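Presented below is the structure to which this report refers.
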Amino acid sequence: METGFQPLDPTGASKGETLVKKRRQIPYRLIAPNLVTLLGLCAGLTAIRMSIEGRMELAVILIIIAAALDGIDGRVARFLKGSSKFGAELDSLTDFVNFGVAPAIMLFMWGLQDYRSIGWIASLIFAICAALRLARFNAALDNPSKPYWQTKFFTGVPAPSGAIIGMLPIYLSFLGIPANEMTQGPVILYVLAIGFLMVSNIPTYSGKTFGSGVPADWVLPIILGVVLLVALLVTFTWWFLTIGTLVYLAVIPFSWRSYRRHAADMAISKE
């Protein structure tokens with residue numbers, strides 16, 4: 039017989055407690071990669087503030103830190119098996135801020151503002167190119183028909199690399215070349231050229247397919263090499279970034295030639 043009263047819960051749990059128990063819990067392994075991504079976002083946003091305050095050297099260092107964190111958040115996610123759609127979207131938005139918006143503002147505050155509207159337009163185009171680069175990268179993910187050899191290459195310069203090499207004029211100013219001695223044309227053309235490289239179809243080495251391990255004989259040399267590179271970066275920061283930028287730009291033609299050779303070999307194998 040119906041009495042109109044709610045049935046008694048033998049566990050004694052209230053309705054609120056029952057709802058709490060039913061809430062879905064998020065594993066810690068899904069949180070850790072997103073924390074790394076957010077640390078990178080904090081670095082990028084702080085770089086914007088530092089550039090506005092005129093502390094440009096610290097701003098550049100923060101972008102380098104953001105790039106390093108961007109390089110490990112995905113690896114942390116794969117190692118912990120904590121990849122998620124939310125993390126992928128957060129990473130993409132963070133990349134736009136760190137490697138599109140922040141460098142554009144830094145370049146403008148550093149010297150492009152002296153060129154007024156033209157300098158601002160160059161900064162805008164750089165940021166927009168970074169956004170388009172990231173959007174194209176996201177749209178190209180999960181392509182099952184993509185041959186394995188193509189995973190060795192990016193299409194265009196990736197946003198983090200574009201941000202670092204795009205700040206070459208700033209590095210040169212830290213090496214003793216004042217911004218006012220750089221003519222308007224070359225600096226603006228350089229910034230626009232880096233933006234073009236980000237949205238271009240020029241293949242660049244991805245560095246993601248070096249294998250899951252290294253020969254035992256190479257372990258110590260690799261460790262020493264990494265230590266040496268870090269020491270050079272810390273000790274001769276602006277020389278290291280300047281030379282690294284020039285080397286990266288010089289390697290692009292070789293990556294383009296390597297891509298064409300792989301494509302030709304694949305075409306021959308299909309005949």
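When the sequence shown is numbered by this note's numbering, its final residue is 309 and no position is left out of the sequence of numbers. All C-beta atoms, glycine included, are put in the ideal place defined by N, C-alpha and C. Model, not experiment: these values are computed from the prediction.
Using the Cβ count rule (16 or more neighbours within 10 Å means buried), how would you classify Leu-131?
exposed
Phe-191 by DSSP, collapsed to three states: which one?
strand
Select from Ile-232, Val-268, Pro-241 and Pro-259 the residue whose C-alpha is nearest the C-alpha of Arg-299.
Pro-241
Label Tyr-297 either buried or exposed according to how many other C-beta atoms from any shown protein chain fall within 10 Å of its C-beta, with 16 as the threshold for buried.
buried
So, are the CB atoms of Gly-138 and Ala-177 less than 8 angstroms apart?
no
Less than 8 angstroms between the C-beta atoms of Tyr-228 and Leu-279, yes or no?
no
CA-to-CA distance, Gly-263 to Asp-255, given in whole angstroms
14 angstroms
Rounded to a whole number of angstroms, what is the C-alpha to C-alpha distance between Met-94 and Leu-68?
34 angstroms
Identify whether Pro-71 lies in helix, strand or coil by the three-state DSSP scheme.
helix
Residue environment, Leu-267, which counts as buried when at least 16 other CB atoms sit within 10 Å
exposed
Kindly confirm or deny that the segment 193-206 and the segment 114-129 touch, where touching means at least three C-beta pairs closer than 8 angstroms.
no
What do you reckon, are the CB atoms on Ile-143 and Ser-211 nearer than 8 angstroms?
no
Is the segment 102-119 touching the segment 71-91 in the sense that three or more CB pairs, one from each, lie closer than 8 angstroms?
yes
Measure the alpha-carbon distance for Ile-232 versus Leu-150 and round it to whole angstroms.
15 angstroms
For Pro-241, three-class secondary structure by DSSP:
strand
With distances taken from CA atoms, which of Val-225, Leu-77, Leu-107 and Val-272 is nearest Trp-158?
Val-225
Can you tell me which of the three DSSP states Ile-306 falls into?
helix
Going by DSSP, what residue range makes up the alpha helix (DSSP H) through Phe-146?
140-148
Give the C-beta separation of Ala-140 and Ile-86 to the nearest angstrom, bearing in mind that I take them to be a contact with Cβ-Cβ under 8 angstroms.
5 angstroms
Tell me the rounded alpha-carbon separation between Thr-274 and Arg-171.
Looking at the sequence itself, residue 274 is Phe, so the reference to Thr does not match. Answer to the nearest angstrom: the Cα atoms are 31 angstroms apart.
When the Cα of Ala-201 is compared with those of Ala-173, Ile-260, Leu-230 and Ile-215, which residue comes out closest?
Leu-230
Which same chain residues end up closer than 8 angstroms to Gly-109 when comparing Cβ atoms and leaving out the 5 residues on each side of it in sequence?
Pro-198
Is Leu-100 near Thr-84, with beta carbons less than 8 angstroms apart?
yes
Minimum length 4: unbroken alpha helix (DSSP H) runs contained in the segment 85-129
94-118
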